[in-house]
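With this note's numbering as the guide, the letters of the sequence shown map in order to residues 773 to 1085.
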Amino acid sequence: MSQFAQPACFIGRRHPSCSACVDVNYPGDEQFSRRLRPHMNINKEIIASMRRQVHYAADSLLFNESAAVTYCLAISVDAGLVFASDSRTNAGVDNVNTYPKMYSFNVPEKAFVTVLTSGNLATTQAVVRRISRDLEDPSGEGGLAACNDMSDAARYIGALSVELKNYYEKDLKQGANFDCTLIVGGQYKDGPHEIFMVYPEGNYIQSSPYAPYLQIGETKYGKPILDRVIRSNSSLEAAARCALVSMDSTMRSNLSVAPPFDLLVYETGKLEPAHVMHLKLNSPYYATLRKQWSEGLKALFNELPLFEWEKNK
773 MSQFAQPACF
783 IGRRHPSCSA
793 CVDVNYPGDE
803 QFSRRLRPHM
813 NINKEIIASM
823 RRQVHYAADS
833 LLFNESAAVT
843 YCLAISVDAG
853 LVFASDSRTN
863 AGVDNVNTYP
873 KMYSFNVPEK
883 AFVTVLTSGN
893 LATTQAVVRR
903 ISRDLEDPSG
913 EGGLAACNDM
923 SDAARYIGAL
933 SVELKNYYEK
943 DLKQGANFDC
953 TLIVGGQYKD
963 GPHEIFMVYP
973 EGNYIQSSPY
983 APYLQIGETK
993 YGKPILDRVI
1003 RSNSSLEAAA
1013 RCALVSMDST
1023 MRSNLSVAPP
1033 FDLLVYETGK
1043 LEPAHVMHLK
1053 LNSPYYATLR
1063 KQWSEGLKAL
1073 FNELPLFEWE
1083 KNK
């Protein structure tokens, strides 16, 4: 298994001036937060918000890992596939961390499969571990290796998701949610490259040629640019840029989606990724792209036609 995004470590220490307060640092991403440790007598109240530093108060109900928020998308064009994901998990406004949500698997000389994950973190990680373990079957005929095409792969991964969700629900506390939604994409040798959305119930759908993309998580903010730009005959490069603009639009409107972003470009027939990028907020390419996109939008907006009453001013 190739895992293109490594989870950032965090350092938690008790704040010296308050025994109930914990400082949390996210190395490399310049993220810092201070939060009150969960306690039954603490009210749910946001105390203050500042750039690069957030102070929160919360009770223990917010520390529920099933409430993860994310944004992932996959695009299928004639030339291949593009996958993009953020890496933020959010189990309450004061319990934010960084985990990969994009995982890729190789079946030598047979297939290349990428999985994007959204939902309960325990379930999604268990699904990924099982896919990896099944691929290690000494017979070489387990899991993804036993599938004949991408539809088989989506069905297999959907069945794993349901099995593992049911396993966790044996000791389910009331109100918890172990659902996960996945995007499964890739190609089997001699077959087409395809992307599928796998629902928590294990069923799945394929992308439409009229809207050749799939999204999971916080989808609404990044959808308009996909609808306007992406067509089946779009180039892989255009699709990759569009994916990053979609991620950036979502990040600007929802703080639960944030860098680092992972981007993978797959050229049809190769059975291996063509390009893989891990982009932080200050990565040169991503910083330039988001700046030019923002400035370009403002410039175009200022060129829109005037109302009749404006022309007389």
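Quick reminder that beta carbons are idealized off the backbone N, C-alpha and C, glycines included. Just so it is clear, the structure is predicted and the values come from calculations on it, not from any experiment.
Enumerate in chain order the residues of its own chain whose CB-to-CB distance from A931 is below 7 Å, with the five nearest sequence positions on each side excluded. G974, listed in sequence order.
If we require 3 or more residues per run, which beta strand (DSSP E) segments fall completely within the segment 929 to 994? Qualifying beta strand (DSSP E) stretches, in chain order: 952 to 960, 965 to 970, 976 to 978, 985 to 989.
Output the boundary residues of the beta strand (DSSP E) element that contains T886. First-last of the beta strand (DSSP E) with T886: 883 to 891.
Rounded separation between S911 and S933 - CA only: The straight-line gap separating the alpha-carbon atoms of S911 and S933 is approximately 23 Å.
I'd like the span of the alpha helix (DSSP H) that includes N1054, first residue to last. It is not in any alpha helix (DSSP H) - N1054 carries neither H nor E in the DSSP assignment.
In angstroms, rounded to a whole number, what distance separates the CA positions of D951 and K1085? So the alpha carbons of these two residues sit roughly 58 Å apart.
Given this structure, state the Cα-to-Cα distance separating S1025 from K995, to the nearest angstrom. One C-alpha to the other measures close to 12 Å.
My output table needs one value for L845: the three-state DSSP class, helix, strand or coil. Three-state DSSP puts L845 in a strand.
For L1008, which option in Y843, I847, A918, T842 has the closest C-alpha, if you only look at C-alpha atoms? For L1008, the closest alpha carbon among the candidates Y843, I847, A918, T842 is that of I847.
Cβ pair L1036, H965 closer than 8 Å: When the beta-carbon positions are compared, L1036 and H965 stay at least 8 Å from each other.
Relative to the C-alpha of L998, which candidate in Y939, E1082, T1022 has its C-alpha closest? Among Y939, E1082, T1022, the Cα nearest to that of L998 belongs to T1022.
Hey, quick one: how far does the beta strand (DSSP E) through S876 stretch, first residue to last? Counting along the chain, the beta strand (DSSP E) containing S876 begins and ends at 874 to 879.
Nearest CA to the CA of N949: which residue from A894, Y843, K882? Ranking the options by Cα distance to N949, first place goes to A894.
Could you give the distance in angstroms between the alpha-carbon of K754 and the alpha-carbon of T1060? What is shown of the chain runs 773 to 1085, which leaves residue 754 out entirely.
Could you give the distance in angstroms between the alpha-carbon of R1000 and the alpha-carbon of E908? If I take the Cα positions, the gap works out to 42 Å.
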